[in-house]
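Colleague: Residue numbers (our numbering): 5 to 267.
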Ligand code: KIV
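Pasting the structure below:
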């Protein structure tokens, strides 16, 4: 059991892997949820660009802007005291040039207060420059939601051997470029295990099997706030969406019958 209130820094995740301690990560997009998840002892809060789909009502993560990410990251850092806050770099904030990547990642730390950023894909040169600038980087391999149009939907990745070997190679190169951990999304369980054994930095899986060094879920999926269907790897730990509907219905009934407020 870790002391509450002791802030977690990016390099500590590697030490957790070395100690065989599983890393617990959930998404958060606002200060209220960040405070609750931090209080629960979650190690890493990811301000994912899933923000676009989960709370802003978009079909994909592509419309999420840098300004939105800075705004929500700042809210999450205001709510968190112990957890490491990792902010996603949104579509087109790091693909255009390495200089753009440094400038935009810098905003997430400087204005958002994040402790690290996450970028999708084998962007080794960008990772190297960010790390050289003093910005810790979490990689992301497997299903890359920002490439959904090229992938033809949100489907499992690296199912054939060539792609699996390529993913392991990419993971090794991300480690060499200085990434402090890597999210593995929607890949076969066996590949999740192989990739985790092949590198010294921790892997954090989402739909990548039980042998990753940590796990991440979209908090709203795990808490039962998002409607069905959710991906098959999601476990619902609560049904808060149903509770909210019931509570709002009870309030509406009270108001309509003149039972709230009481005299
Ligand atoms: O944006 C996000 O929430 C993510 C997780 C799915 C890992 O990248």
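In this text, a Cβ means the ideal position worked out from N, Cα and C, and glycines have one as well.
(1) Three or more C-beta pairs closer than 8 angstroms, one from the segment 143-153 and one from the segment 184-202: is that the case here?
(2) Would you tell me roughly how many angstroms separate the C-alpha atoms of residue 7 and residue 109, rounded to the nearest one?
(3) Answer with buried or exposed for residue 21, where buried requires no fewer than 16 other C-beta atoms within 10 angstroms of its C-beta.
(4) Which whole-angstrom value is the C-beta distance of residue 121 and residue 93, which I expect to be below 8 angstroms?
(5) Consult DSSP for residue 30 and reduce its assignment to one of helix, strand or coil.
(6) If you check the beta carbons only, do residue 86 and residue 12 fall under 9 angstroms apart?
(7) Using only the heavy atoms of the ligand KIV, determine whether one of them is closer than 8 angstroms to the beta carbon of residue 189.
(8) Just to confirm the assignment: which complete alpha helix (DSSP H) runs, minimum length 4, are found wholly within the segment 211-252?
(9) So what does DSSP say about residue 200, is it helix, strand or coil?
(10) Return yes when at least one heavy atom of the ligand KIV lies under 8 angstroms from the C-beta of residue 75, else no.
(11) What do you reckon, is the C-beta of residue 54 under 8 angstroms from a heavy atom of the ligand KIV?
(12) So if DSSP puts residue 91 in a beta bridge, which residue, or which two residues, is it bridged to?
(13) Just how far apart, CA to CA, sit residue 15 and residue 199?
(14) Over the uninterrupted alpha helix (DSSP H) stretch that includes residue 139, give me the two end residues.
(15) From what residue to what residue does the beta strand (DSSP E) around residue 189 run?
(16) Look up residue 144 in the DSSP assignment and give the residues it is bridged to.
(17) Looking at C-alpha atoms only, which residue of 214, 256 and 113 is the closest neighbour of residue 238?
(18) Taking the straight line between their C-alpha atoms, what separation do you get for residue 207 and residue 135?
(19) I'd like to confirm the pairing. Which residues does DSSP put opposite residue 209 in its beta bridges?
(20) Suppose the cutoff is 7 angstroms on Cβ atoms and the five residues either side in sequence are ignored; what does the same chain contact list for residue 17 look like?
(21) Which residue's Cα is closest to the Cα of residue 116: 153, 71 and 140?
(22) Exposed or buried, what is residue 171 when buried is set at 16 or more other beta-carbons lying within 10 Å of its beta-carbon?
(23) Can you list, in chain order, the residues of its chain whose CB lies under 6 angstroms from that of residue 53, leaving out five sequence neighbours each side?
(24) Measuring alpha carbon to alpha carbon, tell me which residue in 204, 127 and 210 is nearest residue 268.
(25) To the nearest angstrom, report how far apart residue 5 and residue 42 are at their CA atoms.
(26) I think residue 49 touches residue 35, with their Cβ atoms under 8 angstroms apart; what is that distance to the nearest whole Å?
Modeller: In this structure, then:
(1) Contact holds: three or more Cβ-Cβ distances are below 8 angstroms.
(2) At residue 7, the pLDDT of 46 sits below 50, so the modelled position is not reliable; the number obtained from the coordinates is stated separately. Cα-Cα distance, rounded: 30 angstroms.
(3) buried
(4) 5 angstroms
(5) strand
(6) yes
(7) Yes - the ligand KIV has a heavy atom lying nearer than 8 angstroms to the Cβ of residue 189.
(8) 223-226
(9) helix
(10) no
(11) At least one heavy atom of the ligand KIV is nearer than 8 angstroms to the Cβ of residue 54, so yes.
(12) 51 and 121
(13) Just so you know, the alpha carbons of residue 15 and residue 199 end up roughly 19 angstroms apart.
(14) Note, residue 139: premise wrong, no alpha helix (DSSP H); not H, not E.
(15) That run of the beta strand (DSSP E) goes 185-189.
(16) Note: residue 144 sits in a beta bridge opposite 187.
(17) Per the Cα distances, 214.
(18) 18 angstroms
(19) Note: residue 209 sits in a beta bridge opposite 188 and 219.
(20) 27, 184, 185 and 206
(21) The shortest CA-to-CA distance from residue 116 to any of 153, 71 and 140 is the one to 71.
(22) Residue environment analysis places residue 171 among the buried positions, since at least 16 neighbouring C-beta atoms fall within 10 angstroms of its C-beta.
(23) 65, 68, 92 and 94
(24) The requested residue 268 does not occur in the structure, where the chain is confined to residues 5 to 267.
(25) The predicted model places residue 5 with a pLDDT of 40, which falls under 50 and marks its position as unreliable; any figure quoted below should be read in that light. Each residue's alpha carbon lies about 14 angstroms from the other.
(26) Incorrect: roughly 11 angstroms between the Cβ atoms, too far for contact.
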